[in-house]
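Report on the structure given below.
Numbering (full-length UniProt numbering), first residue to last: 1 to 320.
Written out as structure tokens, the structure reads:
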């Protein structure tokens, strides 16, 4: 009984002496919880401002805000095709830049017949270096270019391979299609936009840029380049009336190259649904997924520390 009384007395003494520390810890916990609540509220407000308000209150005709013509590079990709169609619905004429004109023949005819906009196709081989820009420069001359849309090559995600498994020529081709082309296109289009003090540059890459993925070294690298390239351009040219946007979507049920492409759903939109949402964020956010369910997913991914992401990825890969 004495031992029990002694323990209770000791506990009361310890509690009395540590009460100030407990109060300090409680204060720290309250401050942290308040901070997290404020961050969550801010993120919710951002989602509403970027993804919902622009769709409820459109800010005017795209041709008046940016220009009459759009230059689309990568239109063989379903997302870029859908984005081009959204622009055409808003009365924007389209210039397609491609290495193979047959890959865009169908969409050119469709846009002209359905929406009555002007369309043209320029064939350019970016492996030729500076010579690739000459036909593009000729096609742009005298036109009010308001939009430049670059789209990353979707085939990068279709078949995971380590870097050393990719032939050297394929690596060079991928660099030309995804890095050289996007950079050169911006270099060719921006002078006219700067002169007119208006325009929009949209680079469609992938949410893969936020975390490394097994077997997708080139996809992660190229999308990371496009993302940072877009942010740097926006920093440099936003004060000249030019809006530069980095679109980083997650899964889209759009692949022509993947028989096992994911089914359409709430988190896996069709290219048309994605483009409709993404174009409403133009002029609102310079870096976004373009689709609000993807923004929720992206936020959760960003909450996971990279070392945990890598550890889980290796465990999953080891189990399979």
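A virtual CB, placed ideally from N, CA and C, is assigned to each residue, including glycine.
Host alpha helix (DSSP H) of residue i (start-end)
i, result
"residue 63", "62–65"
"residue 280", "271–280"
"residue 291", "Looking at the DSSP string, residue 291 is not in any alpha helix (DSSP H), and its letter there is neither H nor E."
"residue 110", "105–115"
"residue 175", "168–175"
"residue 180", "Premise fails: residue 180 is in no alpha helix (DSSP H) and is neither H nor E."
"residue 221", "217–237"
"residue 82", "78–89"
Cβ-Cβ distance between residue i and residue j below 8 Å
i, j, result
"residue 147", "residue 180", "no"
"residue 174", "residue 156", "yes"
"residue 94", "residue 111", "yes"
"residue 115", "residue 89", "yes"
"residue 70", "residue 99", "no"
"residue 205", "residue 172", "no"
"residue 274", "residue 293", "no"
"residue 176", "residue 222", "no"
Alpha-carbon spacing of residue i relative to residue j, whole angstroms
i, j, result
"residue 29", "residue 40", "16 Å"
"residue 62", "residue 92", "8 Å"
"residue 109", "residue 64", "25 Å"
"residue 253", "residue 27", "48 Å"
"residue 24", "residue 43", "29 Å"
"residue 87", "residue 66", "11 Å"
"residue 265", "residue 251", "10 Å"
"residue 257", "residue 35", "The pLDDT assigned to residue 257 is 46, lower than 50, so where the model puts this residue is not dependable; a value taken from the coordinates is nonetheless given after this. When rounded, the distance between both Cα atoms is 45 Å."
"residue 297", "residue 128", "40 Å"
"residue 306", "residue 120", "44 Å"
"residue 122", "residue 202", "19 Å"
"residue 301", "residue 308", "11 Å"
Span of the beta strand (DSSP E), counted from its first residue to its last, around residue i
i, result
"residue 151", "145–151"
"residue 246", "242–247"
"residue 124", "Here residue 124 belongs to no beta strand (DSSP E), and DSSP marks it neither H nor E."
"residue 98", "93–98"
Minimum C-alpha distance to residue i - residue among the options
i, options, result
"residue 395", "279, 59 and 267", "With the chain represented from 1 up to 320, any question about residue 395 goes unanswered, as that position is not in the structure."
"residue 139", "128, 159 and 118", "118"
"residue 197", "216, 145 and 161", "145"
Residue i Cβ short of 7 Å to the ligand FAD heavy atom set
i, result
"residue 129", "This structure lacks the ligand FAD, and indeed carries no ligand of any kind."
Mind the definition here: the stretch 74–84 touches the stretch 46–58 only if three or more C-beta pairs lie below 8 Å; say whether that holds.
no
Check whether the stretch 168–188 and the stretch 148–159 are in contact - that is, three or more C-beta pairs closer than 8 Å.
Taking 8 Å as the limit for Cβ pairs, the verdict is that the stretch 148–159 does touch the stretch 168–188.
Is it the case that the stretch 242–251 contacts the stretch 191–202, given that we only count it when at least three CB pairs across the two stretches are under 8 Å?
yes
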